[in-house]
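Reading the sequence shown from the start, the letters are residues -23 to -1, 1 to 312 in mature numbering (1 follows the signal peptide of the UniProt record, and there is no 0).
Built from N, CA and C at the ideal position, the CB exists for glycine as well.
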Amino acid sequence: MKKIIGLTAFAATLVAPVFSASADEVNVYSYRQPFLVEPLFNEFTKQSGIKVNVVFAKKGMAERLAREGEHSPADVLLTTDISRLIELQEKGLLQAVNSDVLEAAIPSQYQADDNSWFGLTTRVRNIYTAKRLGDMAISYEDLADEKYRGKICTRSGKHPYNVALVSSMIAEHGEAKTLEWLEGVKKNLARKPQGNDRGQVQAIHQGLCDVSLGNSYYFGKMLNDDKQKVWADAVNINFPNQVNRGAHVNISGVGVAKYAPHKEAAKALLEFLASDKAQQMYAETNMEYPVRAGVKKSALVASWGDFKADDLPLETIASHRKAALKLLDQAKFDL
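Laid out in structure tokens, this is it:
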């Protein structure tokens, strides 16, 4: 099996070349962690004979691509959520991929209209509640109800996960009602927005609040962590809006770089990532949901039960991203 090559950051301006122009290679820039994607790349190399060179980072992808321009070695861009895909799309850093395989495998709401990006896994923006409250049917709209005054914890409203949620609220209710909702949620906060999704569940365990927002896969990660399991055991994971439009979902996704030197290899990798085997490997490792219908979820994820997802296209939701940021400022949500 051929070796996967990795670097640690996009930010460095002086790095030794790690990519070659060989036709049987594909170069990946990835926001996803090595433990999550290296098994996939190894399997792809095993099946295709195409070597995968990969650079890992947490930020700076769009900036590096813009700096490199037409000389960029990047073929495939692997990202963590819809906001980062839209950033790449809006900055003209992606190219269309026309593939019957991808069209058949990936639901239309999880791909760009111009075929410039495709979702690979989904995660729900869940509402976690203190276990002592019991099972409940809850909606995102309920978070502004005064009965939750002083009982809600969340990370920054401007984190991409929450920006996407606010964008979905705009798509559903319009800007005026979403601003009213944000102001109501702010009044209900137990503390200033801070930390990450797991930190909010920890706060529920500590008795600081009763309700929090968090992505579904964090629940699995906490249950599998010796220290954090006690946090997860203190909450119920709820799928919001099951009586109407369904729970808001986000994606991890992928696209092909505008100046990709190995277009055919890049397309082959994308099609592999949409295959049954890759979808199951990818989703199970990070406790996310496969986008491809019929692919088995991990036993742990399946144990949380079935749910109805909002079927509004993510591209439509993402079109409200700037408006969402404006409303968060108006509501002074993070202050």
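With DSSP collapsed to three states, give me the class of residue i.
i: Val226; result: strand
i: Ser49; result: coil
i: Gln307; result: helix
i: Gly96; result: strand
i: Phe18; result: helix
i: Ala301; result: helix
i: Ile294; result: helix
i: Leu246; result: helix
i: residue 399; result: The displayed coordinates of the chain run from -23 to 312. Any statement about residue 399 would go beyond what the structure contains.
i: Gly197; result: helix
i: Leu312; result: coil
i: Ile147; result: helix
i: Val207; result: helix
i: Leu(-10); result: At Leu(-10) the pLDDT is 28, less than 50, meaning the model places this residue with poor confidence; the figure from the coordinates comes in the next sentence. Reduced to three states, the DSSP call for Leu(-10) is coil.
i: Val140; result: helix
i: Ala43; result: helix
i: Phe284; result: coil
i: Leu(-17); result: Only weak support is given to the placement of Leu(-17): the predicted model assigns it a pLDDT of 43, under 50, and the value that follows is read from those uncertain coordinates. Three-state result, Leu(-17): coil.
i: Tyr105; result: strand
i: Leu120; result: helix
i: Leu110; result: helix
i: Leu13; result: helix
i: Gln24; result: helix
i: Gln66; result: helix
i: Gln171; result: coil
i: Gln219; result: coil
Under a Cβ-count criterion, where at least 16 other Cβ atoms within 10 Å of its own Cβ denotes burial, should residue i be classed as buried or exposed?
i: Leu166; result: buried
i: Glu261; result: buried
i: Glu265; result: buried
i: Ser85; result: exposed
i: Phe12; result: exposed
i: Gln10; result: exposed
i: Pro(-7); result: With a pLDDT of 37 at Pro(-7), under the threshold of 50, the modelled position of this residue cannot be trusted; read the value that follows with caution. Exposed, because fewer than 16 other Cβ atoms sit within 10 Å of the Cβ of Pro(-7).
i: Ala237; result: buried
i: Thr293; result: exposed
i: Asn30; result: buried
i: Lys206; result: exposed
i: Asn221; result: exposed
i: Ala211; result: buried
i: Ser280; result: exposed
i: Asp203; result: exposed
With residue i as the anchor, note down where its alpha helix (DSSP H) starts and where it stops.
i: Leu190; result: Per DSSP, Leu190 belongs to no alpha helix (DSSP H); it is in the beta strand (DSSP E), 188 to 192.
i: Val78; result: 77 to 82
If distances are taken between C-alpha atoms only, which option among the options comes closest to residue i?
i: Gln177; options: Arg132, Ile63, Phe249; result: Arg132
i: Ala243; options: Trp208, Phe18, Pro11, Leu13; result: Phe18
i: Lys128; options: Leu110, Ala114, Ser144, Asn139; result: Leu110
i: Val268; options: Arg100, His239, Lys204, Glu149; result: Arg100
i: Thr98; options: Glu118, Val53, Met146, Ser193; result: Ser193
i: Gly230; options: Glu45, Asp1, Ser49, Leu62; result: Leu62
i: Glu40; options: Asp119, Glu20, Gly151, Tyr6; result: Tyr6
i: Gly191; options: Val207, Pro217, Gln183; result: Pro217
i: Ile147; options: His297, Lys303, Leu71; result: His297
i: Lys299; options: Glu248, Lys36, Leu142; result: Leu142
i: Ala81; options: Arg175, Leu304, Leu247; result: Leu247
i: Ile181; options: Glu157, Tyr195, Ala209; result: Ala209
i: Lys164; options: Gln256, Lys235, Ala308; result: Ala308
i: Ala255; options: Val3, Ala73, Gln24, Gly151; result: Gln24
i: Thr56; options: Gln72, Arg44, Lys36; result: Lys36
i: His239; options: Ile27, Phe21, Pro16; result: Ile27
Over the uninterrupted beta strand (DSSP E) stretch that includes residue i, give me the two end residues.
i: Glu152; result: Per DSSP, Glu152 belongs to no beta strand (DSSP E); it is in the alpha helix (DSSP H), 152 to 164.
i: Ile181; result: Per DSSP, Ile181 belongs to no beta strand (DSSP E); it is in the alpha helix (DSSP H), 174 to 182.
i: Glu2; result: 2 to 7
i: Val212; result: 212 to 215
i: Lys28; result: 28 to 33
Let me check you understand the geometry: is the CB of residue i closer than 8 Å to at least one non-hydrogen atom of the ligand SAH?
i: Val178; result: Looking at this structure, you won't find the ligand SAH or any other ligand, since it has none at all.
Could you confirm whether any beta carbon from chain B is found closer than 9 Å to the beta carbon of residue i?
i: Cys186; result: Within the model displayed, chain B is absent; a lone protein chain is all it includes.
Enumerated in chain order, which unbroken segments of the alpha helix (DSSP H) with a length of 4 residues or greater are wholly contained in the stretch 248 to 282?
253 to 263, 276 to 279
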